[in-house]
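Visitor:
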Amino acid sequence: MGSQTMSQTDVGQTVFVARQPIFGEGQSTHAYELLFRSGLENCCAAMDGDRATLDVIANTFLEIGLDELTAGKPCFINFTRRLIVERTPRLLPPELVVVELLEDIEPDDEVIAACRELKSAGYSLALDDFVWADRGHPLLDVADIVKVDFMDTTPEQRAQIAEGLVGRGIRALAEKVETQQEYRHAKEAGYTYFQGYFFSKPVIREGKALEGNRLAFLQMLQELHRPDLSYDQLEAAIRQDVSLTFGLLKFINSAWFSLKHHVESIHHALVLLGPQELRKWFALVRLRNIASDKPNELVMQALTRARMAEGLSEAVGMEECSSDLFLMGMFSMLDALLDMAIPEILSRLSINPQIKSALLGEPCLFRKVHDVVLALERADWPAFESHAAALDLREDVAQSVFARSVKWATDAFAVAAM
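Numbered by the numbering used here, the letters in the sequence shown go through residues 430 to 847 in order.
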């Protein structure tokens, strides 16, 4: 292995582990790419790529836990030339890690030999930012996956690359796919995997109306966020819905709460949960319901955003707004979940004007929190530093909130799926 070993994060040093989903067939989540600062030299000039990668690995596998970040799915991790040559990926389980080679790695004999050894040990190898001019690249002989930047290639080039890769038995991954149209073209061209923000943009269908049960969900959710919440009125409403009644009692009696006595009363369950947890439970249940035809990742992302916005409230002096910030994070994904534009959705709801302003991109205090959440989610570190500075938010606090939010969303989704 040489002198390079797995490092631990220095005391006081902040290392962010962000993730971006990689989709497979049917827009199901195939894996996650773990994103880190080494690719943003202007943001982390004091740390070289080797150290940044090692710290992310340490935080992922030793501190946060891979299960909490990826829910057992494989993760793509970028490796530098030095770490490849020193066989650093061998520290990690081959069934859970895809070794991604950065585009600036020179494929010399030493690198090729190391990649062949990793391949023989069961690791999958991915080449980043492949272009058509590289079709004679020596590492194509060992690559399992090749990533193609859709922002830096023409439709003709993308089709040519996919055709050439498929002919060699290599799976093509469309990277930086920004629209539903690009996603469709990538599928038609033969790409196997897809990565980008296309799933966050609505597919606008002319004349599409919001279904009655979905509108009822939104209306009940806003009722739950009124300050004069009434348990009696909620109980009466829940009793009219068999699935809600069953879901509530299943939720309160799940292992998540570890109650000593079984709860059989709706009113008792409401009181035990309390207003804040009750709002989250209902949002989760109904969010899964309206997104039944959408990838699970969309629901997970909405839950993570909601929990992050809520978790940041205390750190930025907005504790009294925590419930509304949770709702803002949840509603930020409604365009993708409902295939409708955000302005159309918000026009039908009576909610805190700050939530509406934030989701419409208008300057306000809530928008500042929203911008921090998106920057963390996308590992956009320059944007994060700018938005965090506006809120006087410390990086280590934001990192902790992000990690807890991912874990909470994963656990909550699992409980709701029981």
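Glycine is no exception: its CB is placed at the ideal position from the N, C-alpha and C atoms.
Would methionine 762 and alanine 787 qualify as a contact pair, given that the criterion is a beta-carbon distance under 7 Å?
Guide: To locate residue 762, count along the sequence shown from 1; it is residue 333. To locate residue 787, count along the sequence shown from 1; it is residue 358. Not a contact, by the Cβ cut-off of 7 Å.
Visitor: Can the beta-carbon of proline 518 be found closer than 7 Å to that of proline 567?
Guide: What you label residue 518 is simply residue 89 of the sequence shown in a count that begins at 1. What you label residue 567 is simply residue 138 of the sequence shown in a count that begins at 1. Against a cut-off of 7 Å, the Cβ pair of proline 567 and proline 518 comes out as no contact.
Visitor: Of all the options Gly790, Gln730, Asp821 and Lys709, which has the alpha carbon lying nearest to the alpha carbon of glycine 746?
Guide: Looking up residue 746 in the sequence shown gives position 317. Minimum Cα distance to glycine 746 is reached at Asp821.
Visitor: Rounded to whole angstroms, what's the CA-CA distance from valine 540 to alanine 808? Just pull it up for me.
Guide: Along the sequence shown, one-based indexing puts residue 540 at 111. Along the sequence shown, one-based indexing puts residue 808 at 379. Answer to the nearest angstrom: the Cα atoms are 28 Å apart.
Visitor: Below 6 Å CB to CB, which residues in the same chain sit around aspartate 384 once its five sequence neighbours on both sides are set aside?
Guide: No answer is possible for residue 384: the residues shown for the chain start at 430 and end at 847.
Visitor: Mind checking who asparagine 781 pairs with in its DSSP beta bridge?
Guide: What you label residue 781 is simply residue 352 of the sequence shown in a count that begins at 1. For asparagine 781, which the question treats as bridged, DSSP gives no partner whatsoever.
Visitor: Candidates Met759, Leu789 and Gly703: which alpha carbon is nearest glutamate 773's?
Guide: Position 344 of the sequence shown holds residue 773. That would be Leu789, whose Cα lies nearest to the Cα of glutamate 773.
Visitor: Between the C-alpha atoms of phenylalanine 842 and glycine 565, what's the straight-line distance to the nearest angstrom?
Guide: Indexing the sequence shown from 1 puts residue 842 at position 413. Indexing the sequence shown from 1 puts residue 565 at position 136. Their Cα atoms are separated by approximately 45 Å.
Visitor: Ignore the nearest five residues each way along the sequence and tell me which others in alanine 818's own chain have a CB closer than 6 Å to its CB.
Guide: Taking the sequence shown and counting its residues from 1, one reaches residue 818 at position 389. Cβ neighbours of alanine 818 beyond the five flanking positions: none.
Visitor: Under a three-way DSSP split, which group does alanine 808 fall into?
Guide: Reading the sequence shown from its first residue, position 379 is the one you call residue 808. Coil at alanine 808, not helix or strand.
Visitor: Have a look at glycine 551 and cysteine 504 and give me their C-alpha separation to the nearest angstrom.
Guide: Working through the sequence shown from its first residue, we reach residue 551 at position 122. Working through the sequence shown from its first residue, we reach residue 504 at position 75. Approximately 15 Å between the Cα atoms of the pair.
Visitor: Would methionine 759 be called buried (16 or more neighbouring beta carbons within 10 Å of its own) or exposed?
Guide: As a position in the sequence shown, residue 759 is number 330, starting the count at 1. Looking at its Cβ environment, which holds 16 or more other Cβ atoms inside 10 Å, methionine 759 is buried.
Visitor: Could you tell me whether the Cβ atoms of tyrosine 622 and leucine 602 are closer together than 7 Å?
Guide: For the purposes of this step, residue 622 is identified with residue 193 of the sequence shown, where counting begins at 1. For the purposes of this step, residue 602 is identified with residue 173 of the sequence shown, where counting begins at 1. For tyrosine 622 and leucine 602, yes; Cβs fall inside 7 Å.
Visitor: Classify lysine 679: buried if its beta carbon has 16 or more other beta carbons within 10 angstroms, exposed otherwise.
Guide: Within the sequence shown, the letter at position 250 stands for residue 679. Looking at its Cβ environment, which holds fewer than 16 other Cβ atoms inside 10 Å, lysine 679 is exposed.
Visitor: What does aspartate 800 pair with, by DSSP beta-bridge criteria?
Guide: The residue given as residue 800 occupies position 371 in the sequence shown. Bridge partners of aspartate 800: none, in fact.
Visitor: If we count the other Cβ atoms within 10 Å of its Cβ and call it buried at 16 or more, is glutamine 730 buried or exposed?
Guide: Position 301 of the sequence shown holds residue 730. By the 10 Å Cβ count, glutamine 730 comes out buried.
Visitor: Would you identify the three-state DSSP class for aspartate 821, choosing helix, strand or coil?
Guide: Indexing the sequence shown from 1 puts residue 821 at position 392. Three-state DSSP puts aspartate 821 in coil, outside helix and strand.
Visitor: Between Trp810, Val835 and Ile784, which lies nearest to aspartate 753 when the distance is taken from Cα to Cα?
Guide: One-based indexing of the sequence shown puts residue 753 at position 324. Comparing Cα positions, the closest option is Ile784.
Visitor: The alpha helix (DSSP H) that contains glutamate 739, what's its start and end?
Guide: Sequence index remark: in the sequence shown, residue 739 carries index 310 (1-based). Element bounds for glutamate 739: 725-744.
Visitor: Going along the chain, which residues of its own chain have a beta-carbon closer than 7 Å to the beta-carbon of lysine 576, five neighbours each way excluded?
Guide: Here residue 576 corresponds to residue number 147 of the sequence shown, with the count starting at 1. Cβ within range, chain order: Ala555, Leu556, Asp557, Asp558, Phe559, Leu602 and Glu604.
Visitor: Are histidine 881 and valine 801 closer than 7 Å when you measure CB to CB?
Guide: The chain is shown from 430 up to 847; residue 881 falls before or after that span and cannot be answered.
Visitor: Does the Cβ of lysine 709 have 16 or more other Cβ atoms within 10 Å, making it buried, or fewer, making it exposed?
Guide: If you number the sequence shown from 1, residue 709 lands on position 280. Counting Cβ neighbours within 10 Å, lysine 709 comes out buried, since at least 16 surround it.
Visitor: Assuming glutamine 449 and glutamine 624 make a contact with CB atoms under 8 Å, what is their CB distance in whole Å?
Guide: Counting from 1 along the sequence shown, the entry for residue 449 is found at position 20. Counting from 1 along the sequence shown, the entry for residue 624 is found at position 195. Confirmed, about 6 Å.
Visitor: Give the list of continuous alpha helix (DSSP H) stretches no shorter than 4 residues that lie fully inside the stretch 569-633.
Guide: Qualifying alpha helix (DSSP H) stretches, in chain order: 584-596 and 609-618.
Visitor: What do you get for histidine 690, buried or exposed, if any count of 16 or more other CB atoms within 10 angstroms of its CB means buried?
Guide: Here residue 690 refers to the residue found at position 261 when the sequence shown is read from its first residue. Histidine 690 comes out exposed.
Visitor: Under 7 Å, do serine 834 and methionine 769 count as touching if we go by C-beta distance?
Guide: Taking the first residue of the sequence shown as 1, we reach residue 834 at position 405. Taking the first residue of the sequence shown as 1, we reach residue 769 at position 340. Going by C-beta atoms, serine 834 is not nearer than 7 Å to methionine 769.
Visitor: Apart from the five residues just before and just after valine 527, which ones in its own chain have a Cβ nearer than 6 Å to its Cβ?
Guide: As a working note, residue 527 is residue 98 in the sequence shown. For valine 527, where only same-chain residues beyond five positions count, the Cβ hits under 6 Å are Pro503, Phe505, Ser553 and Ala555.
Visitor: Sort out for me which residues DSSP pairs glutamate 532 with in a bridge.
Guide: Your numbering for residue 532 matches position 103 in the sequence shown. Answer is none; glutamate 532 lacks a bridge partner.
Visitor: Give me the Cα-Cα distance between alanine 838 and leucine 741, rounded to the nearest whole angstrom.
Guide: In the sequence shown, residue 838 corresponds to position 409, counting from 1. In the sequence shown, residue 741 corresponds to position 312, counting from 1. Spanning the two alpha carbons is a distance of roughly 15 Å.
Visitor: Take lysine 637 and list the residues in its own chain whose beta-carbon comes closer than 8 Å to its own, dropping the five residues that flank it on each side.
Guide: As a working mapping, residue 637 is identified with position 208 in the sequence shown. With a pLDDT of only 42 at lysine 637, under 50, the local geometry of the prediction cannot be trusted, and the value read off the model is given with reservation. Answer for lysine 637: Asp768 and Met769, listed in chain order.
Visitor: Beta-carbon within less than 7 Å of leucine 702's beta-carbon, same chain only, minus the 5 sequence neighbours each way: which residues are those?
Guide: What you label residue 702 is simply residue 273 of the sequence shown in a count that begins at 1. The answer, listed in chain order, is Ile681 and Trp710.
Visitor: Roughly how many angstroms lie between the CA atoms of proline 523 and alanine 543, to the nearest whole one?
Guide: If you number the sequence shown from 1, residue 523 lands on position 94. If you number the sequence shown from 1, residue 543 lands on position 114. If you take the alpha carbons of proline 523 and alanine 543, they lie about 15 Å apart.
Visitor: Return the residue from the list Arg480, Ile486 and Ala487 that minimises the CA-CA distance to arginine 511.
Guide: For the purposes of this step, residue 511 is taken as residue 82 along the sequence shown, with counting starting at 1. Of the listed residues, the one whose Cα sits closest to arginine 511 is Arg480.
Visitor: Of the choices Ile451, Gln456 and Leu525, whose alpha-carbon is the least far from that of isoleucine 486?
Guide: By 1-based counting over the sequence shown, the position of residue 486 is 57. Nearest of Ile451, Gln456 and Leu525 to isoleucine 486, Cα basis: Leu525.
Visitor: Let me make sure I understand the geometry here. Which of Tyr620, Ala735 and Leu464 has the alpha-carbon closest to that of arginine 587?
Guide: Sequence index remark: in the sequence shown, residue 587 carries index 158 (1-based). Closest option to arginine 587, Cα to Cα, is Tyr620.
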